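Okay, so here's the structure we're looking at.
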Amino acid sequence: MTTAQPLDVQPTPLALLLLGREADPRSERGVECPGDLPSPSDPDLVARARAAKEKLGDKVFVLGHHYQRDEVIQFADVTGDSFKLARDAAARPEAEYIVFCGVHFMAESADILTTDDQAVVLPDLAAGCSMADMATAEQVAECWDVLTDAGIADQVVPVSYMNSSADIKAFTGRHGGTICTSSNAKRALEWAFEQGEKILFLPDQHLGRNTAVRDMGMTLDDCVVYNPHKPNGGLTAEQLRNAKMILWRGHCSVHGRFSVESVEDVRARIPGVNVLVHPECKHEVVAAADQVGSTEYIIKALEAAPRGSKWAIGTELNLVRRLANRFADEDKEIVFLDKTVCFCSTMNRIDLPHLVWTLESLADGKLVNRIEVDPETEKYAKLALERMLALP
15 MTTAQPLDVQ PTPLALLLLG READPRSERG VECPGDLPSP SDPDLVARAR
65 AAKEKLGDKV FVLGHHYQRD EVIQFADVTG DSFKLARDAA ARPEAEYIVF
115 CGVHFMAESA DILTTDDQAV VLPDLAAGCS MADMATAEQV AECWDVLTDA
165 GIADQVVPVS YMNSSADIKA FTGRHGGTIC TSSNAKRALE WAFEQGEKIL
215 FLPDQHLGRN TAVRDMGMTL DDCVVYNPHK PNGGLTAEQL RNAKMILWRG
265 HCSVHGRFSV ESVEDVRARI PGVNVLVHPE CKHEVVAAAD QVGSTEYIIK
315 ALEAAPRGSK WAIGTELNLV RRLANRFADE DKEIVFLDKT VCFCSTMNRI
365 DLPHLVWTLE SLADGKLVNR IEVDPETEKY AKLALERMLA LP
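Plus 14 on top of the position in the sequence shown (first one is 1) and you've got the working numbering.
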């Protein structure tokens, strides 16, 4: 009987990060605030937030993303999706502080679009986005090298989803590409195909695939998925040359949970239900749904829906629950598409204690959790955003 020899295996940085034994300062942006947060059980939190906001007056402008908790949304001056909020911030140059109740890439976009005299603040620096973190600047640069080696880089136009880091937006700007939202993805792709023969779509494969196939008449065979964790993206040079859409292997952790089984189940439980999903969902889910659209589209569709209609919504639970409560008196039955409760965990990091701490700190003259994009990155990221703004 032989004795097994110990394997000479060294843990990877990712493994150590998942085990909680290391930290990644580029993606894990900090989990501690430089000060004590109010207790979540403090019964005076609402009054404290209101008092601090009133003390700040016009100096502060609070933005609330649709996926935020109700306890936070109640203090937002405006609500909306990520790009709408960034534009709203840019339209308020008199506001000294922009408090962005959302996630990190949204605050970066707001900093890019606002003036140097304005400070963009994120109440919790750990509020990131798993999708945005699925594409790093180093990985995308390596991908471009692969496209260059395949002899097609000069034919490729990058299109990056708004849900991406400032670094990725800057890469897109440097290489002649544009940004898109879930509302204007089709127009962005049409523009890109006027500039080149192929598109590198970052970082959400599902939005790219759904837009190309469902909205533009391409086939699934026109799309390939570039996996940054495999040599050459897991693709041959021939596959890259034959593809029209090179999709980055990224996804939304919330929308990726919905399945065809979820759709079939809700149809069986609620006869006559309308299934409405976000285009970040998987292609087969989008194909099985009755309607597909952005967050703003979902809200408008429910506003226009007839009394007594039934809806199953495939998007983040905070928004679905808020819409269900909003339209309850119109007898509109609105349910979450999946039986499993699924909030966006990073969005939910922005809670009332963090917001109170932020507002009270600003009211006391202490600037906390400022999000700043360096000038070089801002220059090219803004170029990509401006190309999107110029789309008809």
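Even glycine gets a Cβ: it sits at the ideal position worked out from N, Cα and C.
Quick caveat: nothing in here was measured; it's all calculated off a predicted structure.
When Thr354, Leu214, Cys266, Leu405 are compared, the shortest CA-CA separation from Gly247 is found for Leu214. Comparing alpha carbon positions, the residue from Lys396, Val349, Thr225, Val134 closest to Lys73 is Val134. If only complete runs of 4 or more residues are kept, the region 80-163 shows the alpha helix (DSSP H) at 84-87, 96-104, 118-127, 151-163, in order along the chain.
Residue pairing by DSSP places Thr192 opposite Val173 in a beta bridge. Residue state for Arg64 is assigned as helix, using DSSP reduced to three classes.
In this structure, DSSP gives Lys396 a helical state, which the three-state scheme calls helix.
Distance from Cys115 to Ile364 at the Cβ level is roughly 5 Å; contact confirmed, criterion being Cβ atoms closer than 8 Å.
Residue pairing of Met259 in beta bridges, as defined by DSSP: Ile213, Cys237. One thing to note: Pro320 has its Cβ no nearer than 8 Å to the Cβ of Asn224. The alpha-carbon separation between Asp84 and Phe341 amounts to approximately 16 Å. Counting C-beta pairs with one atom in each stretch, the region 92-109 and the region 298-316 have three or more that are closer than 8 Å, which means they touch.
The way I'd put it, the region 226-233 doesn't touch the region 122-133; fewer than three beta-carbon pairs between them come closer than 8 Å.
When DSSP reads this structure, Val291 sits in a beta bridge with Val306, Gly328.
One thing to note: Ala149 has its Cβ no nearer than 8 Å to the Cβ of Pro245. In the three-state DSSP reduction, Leu351 falls in the coil class, being neither helix nor strand. In the three-state DSSP reduction, Arg384 falls in the strand class (E or B). Rounded to the nearest angstrom, the gap between the Cα atoms of Glu386 and Leu369 is 19 Å.
The criterion of a C-beta distance shorter than 8 Å is not satisfied by Val268 and Cys143. Spanning the alpha carbons of Asn177 and Asp58 requires a straight line of approximately 35 Å. Here the alpha carbon of Val299 sits roughly 10 Å from the alpha carbon of Glu278.
By the criterion of a C-beta distance shorter than 7 Å, Arg263 is surrounded in its chain by Gln219, Val239, Tyr240, Asn241, Pro242, once the five residues flanking it on both sides are discounted.
Assignment of Phe357 by DSSP, reduced to helix, strand and coil, places it in the coil class. From the listed residues Lys183, Glu344, Met120, Glu156, the smallest Cα separation to Met402 is found for Lys183.
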